[in-house]
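The structure appears right after this line, and notes come after that.
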Amino acid sequence: MNSVLLIDDDGKLAEALGEYCVRFGIRIEPALTPSAGLAKLSREHFDAVILDVMLPEMDGFEVCKRIRQTHDLPIIMLTARGDVTDRIVGLEIGADDYVPKPFDPRELVARLQVNIKRHSKTAGLANTDEVPDLYFDGLSIHPLQREIKVNGLPVELTTKEFSLLQFLAESPGRAFTRDEILATLKGTENELFTRSVDILVSRLRAKLKPLQPIRTLHGSGYAFVLNKIDPPEEST
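All residue numbers for the sequence shown refer to my numbering, where the first residue is 77 and numbers rise by one.
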C-alpha cells in the first residue's frame with residue numbers, strides 16, 4: 077500500500093479522503109499544519125505528498141520549497157481557484173502536479189497513481205549497471221546514484237530535473253523539441269504540459285549555475301552544449 081502525506085488544515089477533507097483512497101491501496105496520513113507535516117516527513121517514509129496552497133503558518137509554496145530541499149518524491153498541490161498563476165508557481169518551485177479545488181477524489185487518486193508510478197519507474201532506471209557516468213567541463217552525472225556535481229560540489233535535483241538533464245546530456249549538441257522531451261519524460265497531460273518543459277529547464281539552469289549547459293534554440297527547442305571529457309583517473 078502506498079503511503080501519502082496530506083498537508084491540509086481541513087480535518088474533514090482528510091478523513092473523507094482517507095476513507096476513499098484506502099480502497100485504491102493508498103493510505104492517507106493527515107497533517108493539519110505545515111510544521112506537523114514536515115515533522116512527519118522527517119520521521120516516516122511517504123510515496124507522495126498532497127499539499128494545499130492555503131495553509132496556516134506558511135503557504136503551500138513555501139512548504140513545497142522546504143520539502144524539495146531534502147526529499148525527492150511526487151508533490152501534488154491543491155489550488156483553491158485553479159488559478160493558472162498558482163499552477164505555474166507550483167511547478168516552478170518543484171511541484172509535480174496540481175488539482176484545483178473542489179476536485180473529484182477519483183481524479184486525485186488517478187494523479188497520485190500516475191505520479192507515484194512515474195517516480196518509481198524513473199528511480200528504477202538508475203538501478204542498472206548499463207548506464208555509464210557522464211563527464212563534462214565542470215559537470216559530472218552519475219545515473220546509478222542519481223547524483224550530479226557542479227565544479228566538484230553535489231547539487232540536489234528532483235526526479236524530473238535529473239531525468240531531463242540526463243536525457244539532454246546523453247546527446248550533446250543535439251536539439252530536442254519540447255514534444256520530444258515530453259515524450260521521454262511522459263509529462264502530465266494538462267493544458268500546462270508544454271509550459272512545464274520550459275519551467276523544468278529554468279529550474280535546472282538555476283541549480284547548475286555558474287555553468288550554462290542548456291541552450292535555447294529558438295524554433296527548435298533545447299540542446300545540451302557542454303564539452304564531454306574523459307572520466308577522471310582513479311587515485312591509487
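All C-beta atoms in this analysis are idealised placements derived from N, C-alpha and C, irrespective of residue type, glycine included. Given the structure is predicted, the values throughout are model-derived calculations rather than measurements.
**Request:** Spatial neighbours of R142 within its chain, please: CB distance less than 7 Å, with the 5 preceding and 5 following residues excluded, ordered by chain position.
**Result:** Hits under 7 Å: L114.
**Asked** Smallest Cα separation from L154: which of I104, I164, M130 and L287?
**Response** Just measuring C-alpha positions, the residue of I104, I164, M130 and L287 sitting nearest L154 is M130.
**Item:** K285, buried or exposed, once every other Cβ within 10 Å from all chains shown has been counted against 16
**Value:** By the neighbour-count definition (other C-beta atoms within 10 Å, threshold 16), K285 is an exposed residue.
**Request:** Just tell me which of D162, A90, L117 and C97 has its CA closest to the CA of P106.
**Result:** Answer by Cα proximity: A90.
**Prompt:** L93 and L81 look like a contact to me (Cβ under 8 Å); what is the Cβ gap, rounded to whole Å?
**Reply:** That belief does not hold up - the Cβ atoms of L93 and L81 are roughly 12 Å apart, past 8 Å.
**Asked** In chain order, what residues of the same chain have a beta carbon less than 6 Å from the beta carbon of Y96, not counting five sequence neighbours either side?
**Response** Cβ contact annotation for Y96 (same chain, cutoff 6 Å, sequence separation greater than five): P181, in chain order.
**Item:** Terminal residues of the beta strand (DSSP E) in which A291 lies
**Value:** Here the sequence assigns Arg to residue 291, which means Ala is not the residue at that position. First-last of the beta strand (DSSP E) with R291: I290 to L293.
**Request:** Have a look at P132, I275, L258 and A259 and flag the residue whose alpha-carbon is nearest the alpha-carbon of T29.
**Result:** Here the chain has residues from 77 to 312 only, and residue 29 is not among them.
**Prompt:** Near I152, what residues of its chain come up, given a Cβ to Cβ distance below 8 Å and the 5 sequence neighbours on each side ignored?
**Reply:** So the qualifying residues of the chain are A124, V125, I126, L127, A171, D172, D173, Y174, V175, L184, R187, L188 and N191.
**Prompt:** Between which two residues does the beta strand (DSSP E) harbouring R103 extend?
**Reply:** I102 to A107 is the extent of the beta strand (DSSP E) around R103.
**Item:** Status (buried if at least 16 other CB within 10 Å, exposed otherwise) for T235
**Value:** Within a 10 Å sphere around the beta-carbon of T235 sit 16 or more other beta-carbons, which makes this residue buried.
**Asked** Residues bridged to E153 by DSSP?
**Response** Residue identity check: residue 153 is Met in the sequence provided, not Glu. Bridge partners of M153: L127 and Y174.
**Spatially closest choice to L244 from R194, G228 and L261, by CA coordinates** = Closest by C-alpha distance to L244, out of R194, G228 and L261, is L261.
**Item:** I104 vs N78 beta-carbon contact at 7 Å
**Value:** Against a cut-off of 7 Å, the Cβ pair of N78 and I104 comes out as no contact.
**Item:** Own chain, CB closer than 6 Å to P307, minus 5 neighbours either side, in chain order
**Value:** Excluding residues up to 5 positions away in sequence, Y211 lie with their Cβ nearer than 6 Å to the Cβ of P307 in the same chain.
**Rounded separation between T109 and L280 - CA only** = Distance between T109 and L280, taken at the CA atoms: about 30 Å.
**Message:** Measuring only the C-alpha atoms, how far is I227 from K193?
**Reply:** The identity of residue 227 in the sequence shown is Asn, whereas the question assumes Ile. One C-alpha to the other measures close to 33 Å.
**Message:** Based on DSSP bridge pairs, tell me the residues matched to I217.
**Reply:** In DSSP, I217 forms a bridge with L210 and I224.
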